[in-house]
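Colleague:
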Amino acid sequence: MGDLTPTKALELHQKMWEIRLFELSASRLYKEGALPGFIHLSIGQEACAVGACLALESNDYITSTHRGHGHCLAKGASPNMMMAELAGKVTGYSKGRGGSMHIADVAVGVLGANGIVGQSAPLACGAAYTAQVKKTKQLALAFFGEGATGAGPVHEAMNIAAIWKLPVIFFCESNRYAELSPYDVHVSVPNVSVRASNYGFRGLTVDGSNVAEIYEAVSTAAADARGGNGPVFIEAKTHRWHGHYEGDPMTYLRPADRDTENRVDPIEQFEKLMAERLKIGDEAISAAKQTAAEIIDAAVEYALNSEDPSPGVMYEDVLA
Amino acid sequence: MKTPTDQPALEKPLKYYSAVTRAFREEMRRDENVVLLGEDVGPSGGIFAQTRGLHKEFGPDRVRDTPIAEAGFTSLAIGAAMTGLRPIVEIGFEDFLTACMDPIVNQAAKLRYMLGGQVKVPVTLYTFGSGGVNAGPQHSQSLSAWFSHIPGLKVIQPSSARDTLGLLKSAIRDDNFVLCLLCKSLVGSKELVDIDNDDFLIPLGRSEVKRVGQHVTVVAIGAMVRRAIEAAETLYLEGIDAEIIDPRTLSPLDIRTILSSLEKTKRLLIVHEAMSPCGIGAEIIAKVIEHNHKLLASPPVRLTPPFAPSPFSPGLEDLYLPNQDSISETLRNMVPENERL
Ligand SMILES: Cc1ncc(C[n+]2csc(CCOP(=O)(O)OP(=O)(O)O)c2C)c(N)n1
Ligand SMILES: [Mg+2]
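Respectively, the protein sequence lines represent chains A and B. The working numbering numbers the first residue of the first sequence as 804 and each following residue consecutively. The working numbering numbers the first residue of the second sequence as 462 and each following residue consecutively.
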């Protein structure tokens, strides 16, 4: 567990619970018809968002994807405003104009989830370029899936980032599926992190269920990037428990992925580690979980009690 | 009477491409957040010498050569704009915009709206488009209508060096994504301009009446403006007095100037290099008719290339593009002899 302090461990742990409970609530509300459109959940992948974002400074930037709730929460976005946005309410981050796939909180460095696969990478390079020109020591981390690594913009971004030595981290959540088809339909190599070496920078594959390992890998990459050494590519092998979208019947699942009994739960696994290695007591662990539950229950309340946007909202912010 | 203090500035020749350089230099000196990205914009100075001297003056952080990755660096510029820079992006040829449609249409145009107004995307993307230089089907297109169809973007198309200077400077100061569609056939053209200050701005979203006339309104775009003016000058000798309007900004389109001209002339000709189906001309005609279907005394006319890709062979391309002769001929057919001067 490297030099993870008990305080930091409890922070990581609580954030993972906030994400888990936020998404379980979203899943339930979606089934009940309280959330319109479609939503993509990252249940099972919480360690990735948390390990990555908590290793960053608060003024660092992230760009995210269609599966971005965890990323936004981990970087510090408000669960209230996020849930309100999922519900299409005027109190949401986008006043109900964006929905689940377009949540941003620029003040905490979230430059936005994004509905176009692959775009998170070059957008993050832009934020990294700003940091480079203005010499701010900030960095940008792009989340994307293994499916996105087949998309041109990700490769263009990796090449530019390498040539320009941009302070950017490419963080790939390799979650076994892209939409309805498995990893090997999308990627030609067992570990997609090897792509980095062709562009001349470091790539590594980590256990995406191990929040401590991810936290450490991103901390090191961040120090590299800030030191002017250019990008790092981190592939986290993780597991998407729910469908591509809520309501996905997942008829395509491979047998190994149907076994819900024996799969690794990143939160449970971390709780064991907290108890055994960091000697954190049961009470502290359940208290963190309890706090997370209160935060998310309040977010659900907030969203459901919020107003729908008035028609005028439709015409705002088309141009600056 | 002029007093000695408002003497006009000395007229000096300005080339279309040097207007680009001048606009960039002035705006980069004015605001250190303005940066320039694109293929060969750096030490080489660009294929039309349009960025010559900028890398030397502003250095590699602010003037940066990119690899050939239009989608990647356009998107990068958008990310930079969201975080405080004001990038200028060069896409060499307008035809290559197809390689970066997603960042323009799905990112730049919508991010502010989608993100609840939290961000601005102040990017100026300029590109050399339109035909007239025998560049063939993949290097001669005018795609202005595509982008004018997207809310969240602004589209400008300057027809002279002076307009290039004033419009580009305004674009760089604008907080939105502005596409500047330059005309390749005008690159080397020059004119006398009397601008000696570094704050010459032409507001976006305003047409200009380039020639005042009474018989017919000609809305001409880009390189067609000059051709329309030349046609009008000869036709005047035949008693046809055409008013020439250059929209300059295609989105948002200033329809009012066109409507008030039509109140006078009652006749409308539109000349552009872009294709006619679903084009800017179609939009202008629709707007005119929606405003008042009895405004026109004769059917409106669009003069555009035929609905075919731009041919390479010089003789064919000459036939393909509207020119002074075809504009004159069309106007003769529109203005009856008994109404001429
Ligand atoms: C450019 C583009 N192509 C296709 C889609 C449809 N789409 C949405 S998510 C997705 C799969 C992405 O897979 P991956 O990158 O592995 O991310 P994951 O969903 O597994 O988190 C696809 C194909 C899209 N949104 N954008
Ligand atoms: Mg995936």
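Glycine residues also receive a C-beta, built at the ideal position from the N, C-alpha and C atoms.
Return no unless some Cβ of chain B is closer than 8 Å to the Cβ of Thr933 (chain A).
Modeller: For the purposes of this step, residue 933 (chain A) is taken as the residue at position 130 of the first sequence. Interface residue, yes.
Colleague: Do you know offhand how far Arg1043 (chain A)'s Cα is from Arg979 (chain A)'s?
Modeller: On the first sequence, position 240 is the one that residue 1043 (chain A) refers to. On the first sequence, position 176 is the one that residue 979 (chain A) refers to. Going from the Cα of Arg1043 (chain A) to the Cα of Arg979 (chain A) covers about 7 Å.
Colleague: Thr625 (chain B) to Asp563 (chain B), Cα distance in whole Å?
Modeller: Reading the second sequence from its first residue, position 164 is the one you call residue 625 (chain B). Reading the second sequence from its first residue, position 102 is the one you call residue 563 (chain B). When rounded, the distance between both Cα atoms is 26 Å.
Colleague: Let's see if you can read the secondary structure: which residues bound the beta strand (DSSP E) around Ile1037 (chain A)?
Modeller: Mapped onto the first sequence, residue 1037 (chain A) falls at position 234. Note, Ile1037 (chain A): beta strand (DSSP E), 1035 to 1040.
Colleague: Measure from the alpha carbon of Gln935 (chain A) to the alpha carbon of each residue in A:Ile906, A:Glu949, A:Tyr864, A:His843, then state which is nearest.
Modeller: Here residue 935 (chain A) refers to the residue found at position 132 of the first sequence. Cα-wise, what sits closest to Gln935 (chain A) is A:Tyr864.
Colleague: Go to Asp707 (chain B), then tell me how far its alpha helix (DSSP H) extends in each direction, as first and last residue.
Modeller: On the second sequence, position 246 is the one that residue 707 (chain B) refers to. Asp707 (chain B) -> not in any alpha helix (DSSP H); beta strand (DSSP E) instead, spanning 703 to 707.
Colleague: Inspect the beta-carbon positions of Cys875 (chain A) and Ala916 (chain A) and report whether they are closer than 8 Å.
Modeller: As a working mapping, residue 875 (chain A) is identified with position 72 in the first sequence. As a working mapping, residue 916 (chain A) is identified with position 113 in the first sequence. Taking 8 Å as the Cβ cut-off, Cys875 (chain A) and Ala916 (chain A) qualify as a contacting pair.
Colleague: Quick one: residues in its chain with C-beta nearer than 6 Å to the C-beta of Met489 (chain B), no 5 flanking neighbours on either side, listed in chain order?
Modeller: Counting from one through the second sequence, the residue named residue 489 (chain B) turns up at place 28. Cβ within range, chain order: Val495, Phe519.
Colleague: May I ask you to list the residues that DSSP assigns as paired with Ser977 (chain A)?
Modeller: By 1-based counting over the first sequence, the position of residue 977 (chain A) is 174. Looking at the DSSP assignment, Ser977 (chain A) forms a beta bridge with A:Lys1040.
Colleague: At a cut-off of 7 Å, is Tyr478 (chain B) close to ligand 1 when judged by its beta-carbon and the heavy atoms of the ligand?
Modeller: Stepping through the second sequence from its first residue, residue 478 (chain B) is reached at position 17. No, since every heavy atom of ligand 1 falls outside the 7 Å radius drawn around the Cβ of Tyr478 (chain B).
Colleague: Please work out which residues of its chain come closer than 6 Å, Cβ to Cβ, to Ser897 (chain A), disregarding the five sequence neighbours upstream and downstream, and give them in chain order.
Modeller: Stepping through the first sequence from its first residue, residue 897 (chain A) is reached at position 94. Glu888, His905.
Colleague: Ligand 2 and Glu652 (chain B): does any heavy atom of the ligand fall closer than 7 Å to the residue's C-beta?
Modeller: Here residue 652 (chain B) corresponds to residue number 191 of the second sequence, with the count starting at 1. No, since every heavy atom of ligand 2 falls outside the 7 Å radius drawn around the Cβ of Glu652 (chain B).
Colleague: Taking the straight line between their C-alpha atoms, what separation do you get for Ala769 (chain B) and Val524 (chain B)?
Modeller: Position 308 of the second sequence holds residue 769 (chain B). Position 63 of the second sequence holds residue 524 (chain B). About 38 Å.
Colleague: Take Lys463 (chain B) and list the residues in its own chain whose beta-carbon comes closer than 7 Å to its own, dropping the five residues that flank it on each side.
Modeller: Translated into positions along the second sequence, residue 463 (chain B) becomes position 2. In this predicted model, Lys463 (chain B) has a pLDDT of only 46, less than 50, meaning its place in the structure is not dependable enough to derive any value.
Colleague: Can you give the beta carbon distance from His1047 (chain A) to His843 (chain A), rounded, assuming they're within the 8 Å contact cut?
Modeller: As a working note, residue 1047 (chain A) is residue 244 in the first sequence. As a working note, residue 843 (chain A) is residue 40 in the first sequence. Their Cβ separation, rounded to whole angstroms, is 7 Å, which keeps His1047 (chain A) and His843 (chain A) in contact under 8 Å.
Colleague: Where do the ends of the beta strand (DSSP E) carrying Thr678 (chain B) lie?
Modeller: Against the second sequence, residue 678 (chain B) aligns to sequence position 217. Run containing Thr678 (chain B): 677 to 681, per the beta strand (DSSP E) assignment.
Colleague: Quick check on this structure: which residue in B:Gly593, B:Leu792, B:Ala484 has the alpha carbon closest to the alpha carbon of Gly700 (chain B)?
Modeller: Taking the second sequence and counting its residues from 1, one reaches residue 700 (chain B) at position 239. Residue B:Leu792 is the option with its Cα nearest to Gly700 (chain B).
Colleague: Can you confirm whether Ala927 (chain A), when its beta carbon is compared against all beta carbons of chain B, has any partner nearer than 8 Å?
Modeller: The count along the first sequence starts at 1 and reaches residue 927 (chain A) at position 124. Yes, its Cβ sits closer than 8 Å to a Cβ of chain B.
Colleague: Ignore the nearest five residues each way along the sequence and tell me which others in Val594 (chain B)'s own chain have a CB closer than 6 Å to its CB.
Modeller: Stepping through the second sequence from its first residue, residue 594 (chain B) is reached at position 133. Counting only Cβ-Cβ distances below 6 Å, and skipping sequence neighbours, we find Lys645, Ser646.
Colleague: Could you give the uninterrupted runs of the alpha helix (DSSP H) lying entirely in the region 464 to 545 of chain B, keeping only those of 4 residues or more?
Modeller: Segments of the alpha helix (DSSP H) lying fully in the region 464 to 545 of chain B: 477 to 491, 515 to 523, 531 to 543.
Colleague: Tell me whether Tyr1118 (chain A) is buried or exposed, calling it buried when 16 or more other Cβ atoms sit within 10 Å of its Cβ.
Modeller: The count along the first sequence starts at 1 and reaches residue 1118 (chain A) at position 315. Exposed: under 16 other Cβ atoms inside 10 Å.
Colleague: Using 8 Å as the threshold, is the C-beta distance between Pro794 (chain A) and Leu942 (chain A) below it?
Modeller: An answer regarding residue 794 (chain A) cannot be provided, because it is not within the stretch 804 to 1123 covered by chain A.
Colleague: State yes or no: is the beta carbon of Ile716 (chain B) nearer than 8 Å to at least one beta carbon in chain A?
Modeller: Position 255 of the second sequence, counted from the start, is the residue given in the question as residue 716 (chain B). No, its Cβ sits nowhere closer than 8 Å to a Cβ of chain A.
Colleague: Would you mind stating whether Gln618 (chain B) and Ile682 (chain B) have Cβ atoms separated by less than 8 Å?
Modeller: Your numbering for residue 618 (chain B) matches position 157 in the second sequence. Your numbering for residue 682 (chain B) matches position 221 in the second sequence. Their beta carbons are under 8 Å apart, which means Gln618 (chain B) touches Ile682 (chain B) by this criterion.
Colleague: Using a Cβ-Cβ cut-off of 8 Å, state whether Val1139 (chain A) counts as contacting chain B.
Modeller: Not covered by the structure: residue 1139 (chain A). The range shown for chain A is 804 to 1123.
Colleague: Under the assumption that Met795 (chain B) contacts Val762 (chain B) (Cβ atoms under 8 Å), give the Cβ distance between them as a whole number of angstroms.
Modeller: Indexing the second sequence from 1 puts residue 795 (chain B) at position 334. Indexing the second sequence from 1 puts residue 762 (chain B) at position 301. About 6 Å separates the two Cβ atoms, so the contact holds.
Colleague: Give me the DSSP bridge partner(s) of Lys615 (chain B).
Modeller: Start at 1 with the first residue of the second sequence, and residue 615 (chain B) comes out as number 154. DSSP lists B:Val639 as partners of Lys615 (chain B).
Colleague: Does the region 733 to 753 of chain B touch the region 714 to 721 of chain B, meaning 3 or more C-beta pairs lie closer than 8 Å?
Modeller: Counting Cβ pairs under 8 Å, three or more are found: they touch.
Colleague: Let's see if you can read the secondary structure: which residues bound the beta strand (DSSP E) around Tyr1055 (chain A)?
Modeller: Here residue 1055 (chain A) refers to the residue found at position 252 when the first sequence is read from its first residue. Element bounds for Tyr1055 (chain A): n/a, residue is neither H nor E.
Colleague: If you reduce the DSSP assignment to three classes, tell me which class Arg1080 (chain A) lands in.
Modeller: On the first sequence, position 277 is the one that residue 1080 (chain A) refers to. In the structure shown, Arg1080 (chain A) sits in coil (DSSP, three-state: anything other than H, G, I, E or B).
Colleague: Beta-carbon within less than 7 Å of Lys748 (chain B)'s beta-carbon, same chain only, minus the 5 sequence neighbours each way: which residues are those?
Modeller: Taking the second sequence and counting its residues from 1, the one referred to as residue 748 (chain B) is at position 287. The residues are Ile716.
Colleague: Going by C-alpha distance, which of A:Pro985, A:Pro809, A:Ala965, A:Ser1000 is nearest Gly1031 (chain A)?
Modeller: The count along the first sequence starts at 1 and reaches residue 1031 (chain A) at position 228. Here the closest residue by C-alpha is A:Ala965.
Colleague: By the criterion of Cβ-Cβ separation under 7 Å, what are the contact partners of Ile966 (chain A) in chain B?
Modeller: Within the first sequence, the letter at position 163 stands for residue 966 (chain A). Per Cβ cutoff of 7 Å: Pro528.
Colleague: Could you please give the first and the last residue of the uninterrupted alpha helix (DSSP H) stretch that includes Gly955 (chain A)?
Modeller: Along the first sequence, read from residue 1 onward, the residue named residue 955 (chain A) stands at position 152. 955 to 967 is the extent of the alpha helix (DSSP H) around Gly955 (chain A).
Colleague: In whole angstroms, what separates the C-alpha of Gly776 (chain B) from that of Leu782 (chain B)?
Modeller: Residue numbering aside, residue 776 (chain B) sits at position 315 when the second sequence is read from its first letter. Residue numbering aside, residue 782 (chain B) sits at position 321 when the second sequence is read from its first letter. So the alpha carbons of these two residues sit roughly 11 Å apart.
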